[in-house]
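What the sequence shown shows, in our numbering, is residues 68 to 362, in sequence order. What follows is a single structure, written as structure tokens, with notes after it.
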Amino acid sequence: MSSANQIQLWSRAPASQYTLKSHSDWISSIAFSEDNQWLASGSYNGTIHLQQIKNNQPAKLHHKLSCGEMSISSMAFLQNGQVTQLAVGTIDGKISIWSLNNLSKPEFVKPLSVPGPIYQLAFSGDGQWLASSSDNFINVNVYDPVGNNVIDKFELTDENKKFFDATCVTFSRDNLWLASGSTDGVIRLWSLANQTTKPSLRYTFEEHTAAINCIAFSEDSKQLASTSVDNTFGIRSLDSEQSPAVLQTCSEDLLSIIWQPKLSQNPLLLTRGLNRAINLRQVETHGLSLHWTSH
Numbered sequence: 068m069s070s071a072n073q074i075q076l077w078s079r080a081p082a083s084q085y086t087l088k089s090h091s092d093w094i095s096s097i098a099f100s101e102d103n104q105w106l107a108s109g110s111y112n113g114t115i116h117l118q119q120i121k122n123n124q125p126a127k128l129h130h131k132l133s134c135g136e137m138s139i140s141s142m143a144f145l146q147n148g149q150v151t152q153l154a155v156g157t158i159d160g161k162i163s164i165w166s167l168n169n170l171s172k173p174e175f176v177k178p179l180s181v182p183g184p185i186y187q188l189a190f191s192g193d194g195q196w197l198a199s200s201s202d203n204f205i206n207v208n209v210y211d212p213v214g215n216n217v218i219d220k221f222e223l224t225d226e227n228k229k230f231f232d233a234t235c236v237t238f239s240r241d242n243l244w245l246a247s248g249s250t251d252g253v254i255r256l257w258s259l260a261n262q263t264t265k266p267s268l269r270y271t272f273e274e275h276t277a278a279i280n281c282i283a284f285s286e287d288s289k290q291l292a293s294t295s296v297d298n299t300f301g302i303r304s305l306d307s308e309q310s311p312a313v314l315q316t317c318s319e320d321l322l323s324i325i326w327q328p329k330l331s332q333n334p335l336l337l338t339r340g341l342n343r344a345i346n347l348r349q350v351e352t353h354g355l356s357l358h359w360t361s362h
């Protein structure tokens with residue numbers, strides 16, 4: 068993603084690069100669908116573009132959606148075999164859910180709202196949870212994606228039963244955990260073992276010394292990666308709560324991190340820094356194996 072109104076799309080095999088220039092304003096958020104067949108991008112003027120991807124390159128099918136005039140702050144796809152949906156969050160706390168079951172005509176199906184700007188949205192893989200991070204709290208909805216109904220909703224508090232500023236949220240692949248990062252540098256892990264009750268806080272990790280930018284579970288849900296404003300990224304094993312995170316200091320502030328386990332025999336981490344560089348790092352060594360630069 069570029070800071071201007073264009074998107075740089077890279078394919079690693081075969082090596083190729085594409086530039087998408089459909090937006091008229093700066094792009095503020097992007098998201099891939101689980102099957103990598105759709106790329107959603109949102110901009111400061113509230114417009115969303117849905118670009119179909121085929122054979123690792125942009126296809127002709129393209130849709131333009133609108134969520135008013137407020138800046139798009141986060142987007143999340145849901146694909147669970149029954150439905151395909153896109154949740155869109157804005158800086159004024161509005162959440163719009165769109166159905167993509169009909170590829171020729173996306174349909175707006177559900178409005179939600181939270182008090183405060185939305186920093187990140189996340190669906191659980193089974194679609195039964197929709198979480199959002201914001202100032203002072205995390206909002207978690209128990210969601211029915213088929214009927215588009217919110218069955219219940221919860222606001223999560225910290226270990227002292229107080230609300231906190233949450234910067235990011237993500238679900239584990241096995242749908243058993245919700246992780247959150249906050250401005251105080253703490254990562255919290257919530258149990259979703261009982262999907263009929265409020266998520267319970269189980270673990271806190273305090274290795275970072277500044278606000279958390281991004282967190283991501285590995286595909287097997289056994290590791291959790293994180294990036295922080297303190298110029299470190301960390302990987303922690305969830306097999307044992309006693310295992311400390313392995314931290315590595317970087318020369319730049321890493322804004323986001325994504326697991327890419329299917330690109331090689333060893334899992335890779337894809338990181339994006341404030342200097343607009345995109346790096347692939349081996350998990351075992353944390354060494355730099357490939358370097359791209361966005362424009």
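The beta carbon of each residue, even a glycine, is placed where N, CA and C say it ideally should be. Computed from a predicted model, the values in this text were never measured in an experiment.
From Phe272, Ser258 and Glu273, pick the residue whose C-alpha is nearest to that of Pro266; which is it? The residue labelled residue 266 in the question sits at position 199 within the sequence shown. Comparing Cα-Cα distances from Pro266 to each of Phe272, Ser258 and Glu273, the minimum goes to Ser258.
Between Leu228 and Val155, what straight-line distance do the alpha-carbon atoms span, to the nearest angstrom? Stepping through the sequence shown from its first residue, residue 228 is reached at position 161. Stepping through the sequence shown from its first residue, residue 155 is reached at position 88. Correcting the residue type first, residue 228 is Lys in the shown sequence and not Leu. Approximately 29 angstroms between the Cα atoms of the pair.
With DSSP run on the structure shown, which of helix, strand or coil describes Gln118? The residue given as residue 118 occupies position 51 in the sequence shown. If DSSP states are grouped into helix, strand and coil, Gln118 belongs with the strands.
Does DSSP classify Phe231 as helix, strand or coil? For the purposes of this step, residue 231 is identified with residue 164 of the sequence shown, where counting begins at 1. It is coil, neither helix nor strand.
Who are Tyr270's beta bridge partners in DSSP? On the sequence shown, position 203 is the one that residue 270 refers to. BP columns for Tyr270 point to Leu256.
Who are the Cβ neighbours of Asp241 in its own chain at under 7 angstroms, not counting the five residues just before and after it? On the sequence shown, residue 241 is found 174 positions in, with the first residue counted as 1. Correct list, in chain order: Ser288.
DSSP has Arg303 in a bridge; who is on the other side? In the sequence shown, counting from the first residue as 1, residue 303 sits at position 236. Answer by DSSP bridge pairing, in chain order: Leu291.
I'd like the list of long-range same chain contacts for Asp102, defined as Cβ closer than 7 angstroms, with 5 residues on each side in sequence excluded. Here residue 102 refers to the residue found at position 35 of the sequence shown. Result list for Asp102: Gln146, in chain order.
Starting from Gln262, follow the beta strand (DSSP E) in both directions and report where the run begins and ends. As a first step, residue 262 must be located in the sequence shown, where it is residue number 195. Note, Gln262: premise wrong, no beta strand (DSSP E); not H, not E.
Ends of the beta strand (DSSP E) at Leu170? Taking the sequence shown and counting its residues from 1, the one referred to as residue 170 is at position 103. Run containing Leu170: none; DSSP gives neither H nor E here.
Pick from Ile185, Val150, Ser180 and Thr250: whose alpha carbon is nearest that of Gly192? If you number the sequence shown from 1, residue 192 lands on position 125. Comparing Cα-Cα distances from Gly192 to each of Ile185, Val150, Ser180 and Thr250, the minimum goes to Val150.
Whole beta strand (DSSP E) runs in the segment 147-222 with 3 or more residues, listed along the chain? 151-157, 161-166, 174-180, 185-190, 196-201 and 204-211
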